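Student: Dropping a structure here in structure tokens format, bear with me for questions.
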Amino acid sequence: MLSQTWKAMAMAALVVQLCIFMGVESSLPHPDKIARLPGQPHVGFQQFSGYVTVDGIKNRALFYYFVEAELDQASKPLVLWLNGGPGCSSLGVGAFSENGPFRPNGRVLIRNEHSWNREANMLYLETPVGVGFSYATDSSSYVAVDDEAT
512 MLSQTWKAMA
522 MAALVVQLCI
532 FMGVESSLPH
542 PDKIARLPGQ
552 PHVGFQQFSG
562 YVTVDGIKNR
572 ALFYYFVEAE
582 LDQASKPLVL
592 WLNGGPGCSS
602 LGVGAFSENG
612 PFRPNGRVLI
622 RNEHSWNREA
632 NMLYLETPVG
642 VGFSYATDSS
652 SYVAVDDEAT
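For the sequence shown, this note's numbering assigns the number 661 to the last residue and increments by one with no breaks.
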């Protein structure tokens with residue numbers, strides 16, 4: 512069982528790393544920056560996705576998708592979106608079915624007029640390890656399927 516302190520430190524590290532992304536100059540290349548999703552319309556905000564290692568020993572990594580607020584990103588709050596479950600994808604359900612900037616229509620992505628990134632910077636986190644694109648290379652990480660897994 513992981514201590515609450517460890518969980519808090521891992522979450523703090525994730526938030527700090529993503530806040531750094533928000534301060535990156537748009538003209539600078541960033542390995543996690545999404546230039547454009549397939550079928551995506553033109554937008555005026557930036558998107559990032561990638562992995563944050565939360566346990567280097569067991570090689571556990573959580574997948575995230577970060578979407579800047581449409582306007583005035585620096586003054587907007589950061590919302591951390593975690594879908595319920597456990598086992599429900601924050602990306603597949605939250606970002607692309609509920610409150611994300613796009614909705615797939617079978618051929619292309621269309622803008623979601625009710626997207627939460629109109630009012631906030633959105634961070635979608637796939638958790639616990641094993642949900643969505645989050646992973647661990649140590650198979651013992653998949654024994655538990657609840658919050659203790661991450």
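We put the CB at the ideal spot given by N, CA and C, even for glycine.
Nothing here was measured: the structure is a model prediction, and the numbers come from that model.
Check whether the region 559-579 and the region 629-641 are in contact - that is, three or more C-beta pairs closer than 8 Å.
Tutor: Result yes; three or more Cβ-Cβ pairs closer than 8 Å.
Student: Give every residue of the same chain whose Cβ lies closer than 8 Å to the Cβ of L602, excluding the five residues on either side of it in the sequence, and list them in chain order.
Tutor: Residue mapping note: residue 602 aligns to position 91 of the sequence shown, counting from 1. Once the five neighbours on either side are set aside, the close Cβ partners of L602 are F574, Y576, Y635, E637, G643, F644.
Student: For Y646, which residues does DSSP report across the bridge?
Tutor: The sequence position of residue 646 within the sequence shown is 135, counting from 1. Bridge partners of Y646: A572.
Student: Count the other CB atoms, across all protein chains shown, that sit within 10 Å of the CB of E536; report buried if there are 16 or more and exposed otherwise.
Tutor: Against the sequence shown, residue 536 aligns to sequence position 25. Reliability of the predicted coordinates at E536 is poor, the pLDDT of 48 falling under 50, and the value obtained from them is presented with this limitation in mind. Burial call: exposed.
Student: Who pairs with N623 in a beta bridge, going by DSSP?
Tutor: One-based indexing of the sequence shown puts residue 623 at position 112. According to DSSP, which records beta bridges pairwise, N623 is partnered with nothing at all.
Student: Thinking just about the alpha-carbon of each residue, which of S560, S650, N623 is nearest to the one in H553?
Tutor: The sequence position of residue 553 within the sequence shown is 42, counting from 1. The candidate whose alpha carbon is nearest that of H553 is N623.
Student: Under DSSP, the beta strand (DSSP E) around L589 begins and ends at which residues?
Tutor: What you label residue 589 is simply residue 78 of the sequence shown in a count that begins at 1. 589-592 is the span of the beta strand (DSSP E), which, as asked, contains L589.
Student: Could you tell me which residues DSSP pairs with D566 in its beta bridges?
Tutor: What you label residue 566 is simply residue 55 of the sequence shown in a count that begins at 1. In the DSSP output, where bridge partners are listed per residue, D566 has R571.
Student: What would DSSP say about E536, mapped onto helix, strand or coil?
Tutor: Here residue 536 refers to the residue found at position 25 when the sequence shown is read from its first residue. For E536, the pLDDT reaches just 48, beneath the cut-off of 50, and the residue's location in the model is therefore unreliable, although a value from the coordinates is still provided. DSSP places E536 in coil when its eight states are reduced to three.
Student: Take W627 as the anchor and find which of Q558, N570, P612 has the nearest alpha-carbon.
Tutor: Taking the first residue of the sequence shown as 1, we reach residue 627 at position 116. That would be P612, whose Cα lies nearest to the Cα of W627.
Student: Which residues share a DSSP beta bridge with L634?
Tutor: Locating residue 634 in the sequence shown gives position 123, where the first residue counts as 1. Note: L634 sits in a beta bridge opposite F577, L591.
Student: So who's on the other strand from R614, going by DSSP bridges?
Tutor: Within the sequence shown, the letter at position 103 stands for residue 614. Answer is I621, bridged to R614.
Student: Taking only the alpha-carbon atoms, compute the straight-line gap between I621 and R547 and give it to the nearest angstrom.
Tutor: By one-based count along the sequence shown, residue 621 stands at place 110. By one-based count along the sequence shown, residue 547 stands at place 36. Taking the straight line from one Cα to the other gives about 13 Å.
Student: Taking the C-alpha atoms as reference points, what is the distance between F556 and E581?
Tutor: Taking the first residue of the sequence shown as position 1, residue 556 is located at position 45. Taking the first residue of the sequence shown as position 1, residue 581 is located at position 70. For F556 and E581, the distance between alpha carbons rounds to 5 Å.
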